[in-house]
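Engineer: If you count by numbering that gives the first Met the number 0, then the sequence shown holds residues 0 to 301, one letter each, in order.
Each residue gets a CB set at the ideal place from its N, CA and C atoms; glycine is no exception.
Can you keep this structure in mind? I'll have questions shortly.
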Amino acid sequence: MPARKAERLGWLQLLLGVVVVVGAQMIVGLLAVATGLVRLGGGATARPGAAFIIAISAVPLTLLGYWLLVRFVGGRPVIELGGRWAALRELLVGLAMGALLMCAVIAVLALLGSYHVVDVGWSTGILAGLQAGIVAGFTEEILVRGVMLRLIEGWVGTWWALTITAVFFGAAHLGNPQATVFGAVAIALEAGILLGTCYLLTRRLWLAIGVHAAWNFVQGGIFGSDISGTGSGRGLIEARFTGPDLLTGGAMGIEGSVVAVIVCTAAGLAMLLAVRRRGLVVPPCWRRPVLGKAVGDERSVE
0 MPARKAERLG WLQLLLGVVV VVGAQMIVGL LAVATGLVRL GGGATARPGA
50 AFIIAISAVP LTLLGYWLLV RFVGGRPVIE LGGRWAALRE LLVGLAMGAL
100 LMCAVIAVLA LLGSYHVVDV GWSTGILAGL QAGIVAGFTE EILVRGVMLR
150 LIEGWVGTWW ALTITAVFFG AAHLGNPQAT VFGAVAIALE AGILLGTCYL
200 LTRRLWLAIG VHAAWNFVQG GIFGSDISGT GSGRGLIEAR FTGPDLLTGG
250 AMGIEGSVVA VIVCTAAGLA MLLAVRRRGL VVPPCWRRPV LGKAVGDERS
300 VE
C-alpha cells in the first residue's frame, strides 16, 4: 500500500538524494583519474572503453547511497529496492516493456516510410546505448522516482507529485546538446507519466528501471536513434530518418516523435488507470484523515 503520511525528514532526504546521485558520479570520476583511466591535461582524455566502465561504476554507489539515505535518514526499510523475486520479475517485465515500446515506435515509423536501415553491424554506439540505458535507468529513476516522486507524493498527493516530476523530468533534458522544447514536452508526457506510474503501481523502482534502461538501449544501441538529444550516433543499425521532425523527432531522436508521444503516453495512461482502480492514489496531506498512529510503513504491492 502507498504511504499514509509524509516521510520522516522529507526535505533532508530530498536534498541528500541529489547529493547521493551527483556525489556517486563525482567519486567515480575522481577514482578514474586516480587509476589512470582518465588523464587530465589540455582536456580530459579517456582510454578506450573507460567511459563505459566509469559510468557503470556509478550505479552500485548510487544504489548504496539510496539505501543508506532511506534506511538511516528515512528510518524505515528500503522497500523501493526490495521484493527479491518480485523485484527480479518487475525488472524483467520492465526491460521487455521498454524494448517493445521502442520497437512499436520504430515499426510505425518504418510503415510510414520514415525509418530506413542503411547498414547493420558492430558499432561503439552499441556500448554507448547500453551505457545510456544502465546509467539513466538506475540513477535517474532513483532520483526522480525513488526520491522526488516518493517524497512529493507524501506532501501533495499522487496526482500533483506525478505532474511535478513528469514536468521536471522533461525539463531536465533541455540541457542536452540537441534538445528541443517540443522534445522536452514529449519526454514529460511519454516518459514522465509512464515511468512515474511504474513506481506508483509497484511501489518499487525495478519496473521503472527496466523500462528506462531498455528504452534507451533499444532506441540508441539497436535502432541507431539519437537518445534524448544527446548527439549519440549509430547503434547496431545505421539508420536514416526521413520526413518532418514532428514525425521523426529530428535531432532529439525518436523520443521527440509524435508517434512515441502517442504510443508511450497511451501505455502510461493505461497503467495509471490500473493505479487508480487498485486504490493506490494518495490524496494530498490536507485531505487525509488524522490518524492517531501511523498504520505501518509503506508496503510493496505484490
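1. Closest to residue 185 by C-alpha separation, out of 157, 201 and 257, would be which residue?
2. Among 131, 163 and 151, whose alpha-carbon lies nearest the alpha-carbon of residue 175?
3. Taking residue 204 and residue 144 to be in contact with their CB atoms under 8 angstroms, please state how far apart those CB atoms are, rounded to whole angstroms.
4. Measure the beta-carbon distance from residue 58 to residue 137 and round it to whole angstroms, keeping in mind my assumption that it falls under 8 angstroms.
5. Within 10 angstroms of its Cβ, does residue 263 collect 16 or more other Cβ (buried), or is it exposed?
6. In this structure, does DSSP put residue 207 in helix, strand or coil?
7. Where are the alpha helix (DSSP H) runs, 4 residues long or more, that stay fully inside the stretch 99 to 147, in chain order?
8. If we ignore side chains and look at the alpha-carbon of each, how far apart do residue 79 and residue 121 end up?
9. DSSP three-state label for residue 239, please.
10. According to DSSP, is residue 34 part of a helix, a strand, or is it coil?
11. Which value, in whole angstroms, describes the spacing of the CA atoms of residue 22 and residue 110?
12. Taking the beta carbon of residue 115 as the centre, do at least 16 other beta carbons fall within 10 Å, making it buried, or is it exposed?
Structural biologist: Looking at the atomic coordinates:
1. 257
2. 131
3. 6 angstroms
4. 5 angstroms
5. buried
6. helix
7. 123 to 134
8. 36 angstroms
9. strand
10. helix
11. 44 angstroms
12. exposed
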